[in-house]
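*Asks:* Please find one structure pasted underneath; my questions will follow.
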Amino acid sequence: MPHTMKSPIDKQEILASHALFKGLDRAIIARLASRAVTQRTKVGTTLFRKGDSGSRLYAVCSGAVKISSPSENGKDAILNSIGAGQVFGEIAALDGGVRTADAITLEDCEFMIIERRDILDLMREHPDVAHKFIEVLCMRIRHTSEQVEDIVFLGLPARLAKTLLQRSQGATASIRATQQELSQIIGTSRESTNKQLREWEKQGFIKLGRGTVSILSQDALKNIMSENDAG
Numbered sequence: 005m006p007h008t009m010k011s012p013i014d015k016q017e018i019l020a021s022h023a024l025f026k027g028l029d030r031a032i033i034a035r036l037a038s039r040a041v042t043q044r045t046k047v048g049t050t051l052f053r054k055g056d057s058g059s060r061l062y063a064v065c066s067g068a069v070k071i072s073s074p075s076e077n078g079k080d081a082i083l084n085s086i087g088a089g090q091v092f093g094e095i096a097a098l099d100g101g102v103r104t105a106d107a108i109t110l111e112d113c114e115f116m117i118i119e120r121r122d123i124l125d126l127m128r129e130h131p132d133v134a135h136k137f138i139e140v141l142c143m144r145i146r147h148t149s150e151q152v153e154d155i156v157f158l159g160l161p162a163r164l165a166k167t168l169l170q171r172s173q174g175a176t177a178s179i180r181a182t183q184q185e186l187s188q189i190i191g192t193s194r195e196s197t198n199k200q201l202r203e204w205e206k207q208g209f210i211k212l213g214r215g216t217v218s219i220l221s222q223d224a225l226k227n228i229m230s231e232n233d234a235g
């Protein structure tokens with residue numbers, strides 16, 4: 005299990021600036037901060053597995069986490085990538101059930117961790133906290149629905165182009181993701197993903213590196229998505 009430790013960081017400031025808790029009364033923030041713990045983990049750390057009992061909510065302060073669902077044949081389907089300013093583990097933290105997916109760090113990370121009992125106490129006393137969690141759950145449902153629609157309605161090139169664009173931050177963004185991870189996100193084989201990426205590299209749309217994909221032409225990828233819609 006990852007090692008939990010005290011940290012010199014300002015818990016109240018981190019919680020107050022976090023997307024889930026931003027705008028809450030400072031007294032609520034102070035109460036959460038007094039009960040939250042910080043945890044630092046290395047890249048590749050398994051935080052929990054699907055089916056594990058869970059009572060903790062994780063708020064990401066830095067780094068990124070892969071949320072995936074394993075299959076019986078050993079292949080994973082990546083459901084989401086959680087970065088700084090986001091939370092995960094909210095389902096088991098709210099209903100007290102088992103984890104619905106695996107959570108593995110993609111980078112060195114730092115988290116704020118809040119126990120279920122503290123979350124439920126605050127939700128009973130402060131409706132604003134409950135509203136925040138409803139927003140998070142609705143966002144998760146929208147994301148999952150979009151993923152299902154993409155697999156049904158978009159071809160492989162359009163799904164891959166959309167994934168790269170969603171992960172990019174600029175015209176020449178370098179995305180940290182292996183071809184295996186990309187194939188798990190779009191629901192296809194690594195071989196098919198590699199073939200498409202190599203073709204785009206030849207055309208000058210992207211540049212492949214060790215565990216990275218650099219986008220050289222966002223317009224080209226957007227056109228691929230538009231061609232799918234037109235078809």
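Okay, so the sequence shown: first residue is 5 according to our numbering, each after it adds one. Virtual Cβ for every residue (Gly too), placed ideally from N, Cα, C.
1) Report the start-end ranges of each beta strand (DSSP E) in the segment 148 to 186 that is 3 residues or longer and not cut off at the edges.
2) Using a Cβ-Cβ cut-off of 8 Å (strictly less than) and excluding sequence neighbours within five positions of K226, which residues of its own chain qualify?
3) Which partner residues of G213 appear in the DSSP bridge assignment?
4) According to DSSP, simplified to helix, strand and coil, what is K10?
5) Does the Cβ of V217 have 16 or more other Cβ atoms within 10 Å, making it buried, or fewer, making it exposed?
6) Apply the 10 Å Cβ neighbour rule to V69 and answer buried if 16 or more other Cβ atoms are within range, or exposed otherwise.
7) Could you pull the start and end residues of the beta strand (DSSP E) that E119 belongs to?
8) Please name the residue, chosen from L201, Q184, I108 and L83, that lies closest to A224 on a Cα-to-Cα basis.
9) What do you get for P12, buried or exposed, if any count of 16 or more other CB atoms within 10 angstroms of its CB means buried?
10) Given this structure, state the Cα-to-Cα distance separating Q183 from E76, to the nearest angstrom.
11) Short of 8 Å in beta carbon distance, which residues of its chain neighbour M127, apart from the five on each side in sequence? Order them along the chain.
12) So, with DSSP's three-state summary, where would you put R53?
13) Which complete alpha helix (DSSP H) runs does the segment 33 to 116 hold, if anything under 4 residues is left out?
14) Between which residues of its own chain and R163 is the CB-CB distance below 8 Å, once the five residues before and five after are set aside?
15) Taking DSSP as the reference, what is the three-state secondary structure of K136?
16) Give me the Cα-Cα distance between R60 and A97, rounded to the nearest whole angstrom.
17) Just verifying my parser: in three-state terms, what is the DSSP assignment at D29?
18) Go ahead and pull the three-state DSSP assignment for S193.
19) Among H130, D80 and C113, which residue has its Cα nearest to the Cα of R35?
20) Could you tell me the alpha carbon to alpha carbon distance between G54 and Y62, rounded to whole angstroms?
21) Between the Cα of M229 and those of R194, L160 and Q207, spot the shortest distance and give me the residue it belongs to.
22) Note down, in chain order, each residue of its chain lying with its Cβ closer than 8 Å to the Cβ of K26, except the 5 sequence neighbours on either side.
23) What residue range does the alpha helix (DSSP H) around S21 cover?
*Replies:* On the basis of the coordinates in this document:
1) Counting whole runs of 3 or more residues, the segment 148 to 186 contains the beta strand (DSSP E) stretches 178 to 180.
2) Here residue 226 is taken as the residue at index 222 of the sequence shown, counted from 1. If you ignore the 5 residues before and after K226, its C-beta comes within less than 8 Å of the C-beta of A165 and L169, all in its own chain and listed in chain order.
3) For this step, residue 213 is matched to residue 209 along the sequence shown. G213 is bridged to T216.
4) Taking the first residue of the sequence shown as position 1, residue 10 is located at position 6. In this prediction, K10 has a pLDDT of 43, which is less than 50 and means its spatial position is unreliable; nothing more can be read from the coordinates.
5) For the purposes of this step, residue 217 is taken as the residue at position 213 of the sequence shown. V217 counts as buried, since no fewer than 16 other beta carbons sit within 10 angstroms of its beta carbon.
6) Here residue 69 is taken as the residue at index 65 of the sequence shown, counted from 1. Buried.
7) On the sequence shown, position 115 is the one that residue 119 refers to. Here the beta strand (DSSP E) through E119 covers C113 to E119.
8) The residue given as residue 224 occupies position 220 in the sequence shown. If we check each option's Cα against that of A224, L201 comes out closest.
9) Sequence index remark: in the sequence shown, residue 12 carries index 8 (1-based). With a pLDDT of only 49 at P12, under the threshold of 50, the placement of this residue in the model should not be trusted; the figure read from the coordinates follows. Counting Cβ neighbours within 10 Å, P12 comes out exposed, since fewer than 16 surround it.
10) Taking the sequence shown and counting its residues from 1, the one referred to as residue 183 is at position 179. Taking the sequence shown and counting its residues from 1, the one referred to as residue 76 is at position 72. Going from the Cα of Q183 to the Cα of E76 covers about 21 Å.
11) Counting from 1 along the sequence shown, the entry for residue 127 is found at position 123. If the five residues before and after M127 are omitted, its C-beta is found closer than 8 Å to the C-beta atoms of V133, A134 and F137, all from its own chain and listed in chain order.
12) Here residue 53 refers to the residue found at position 49 of the sequence shown. In this structure, R53 counts as coil in the three-state DSSP scheme.
13) As summarised for the segment 33 to 116, the continuous alpha helix (DSSP H) elements at least 4 residues long and confined to that stretch are 94 to 99, given in chain order.
14) If you number the sequence shown from 1, residue 163 lands on position 159. Within the same chain, R163 has close Cβ partners D154, I155, I190, G191 and T192.
15) Numbered from its first residue, the sequence shown carries residue 136 at position 132. Note: K136 maps to helix in three-state DSSP.
16) Numbered from its first residue, the sequence shown carries residue 60 at position 56. Numbered from its first residue, the sequence shown carries residue 97 at position 93. In this structure, the CA atom of R60 is about 5 Å from the CA atom of A97.
17) Residue mapping note: residue 29 aligns to position 25 of the sequence shown, counting from 1. DSSP places D29 in the coil class of the three-state scheme, outside both helix and strand.
18) Here residue 193 refers to the residue found at position 189 when the sequence shown is read from its first residue. S193: coil per DSSP, three-state reduction.
19) Here the question's residue 35 lines up with position 31 in the sequence shown. Comparing alpha-carbon positions, the option among H130, D80 and C113 lying closest to R35 turns out to be H130.
20) Position 50 of the sequence shown, counted from the first residue, corresponds to residue 54. Position 58 of the sequence shown, counted from the first residue, corresponds to residue 62. The sequence as given places Lys at residue 54; Gly does not occur at that position. The C-alpha of Y62 is placed about 16 Å away from the C-alpha of K54.
21) The residue you call residue 229 lines up with position 225 of the sequence shown. Looking at the Cα atoms, L160 is the closest of the given residues.
22) Taking the sequence shown and counting its residues from 1, one reaches residue 26 at position 22. The beta carbon of K26 is closer than 8 Å to those of A20 in its chain, skipping five residues each way along the sequence.
23) As a first step, residue 21 must be located in the sequence shown, where it is residue number 17. First-last of the alpha helix (DSSP H) with S21: K15 to S21.
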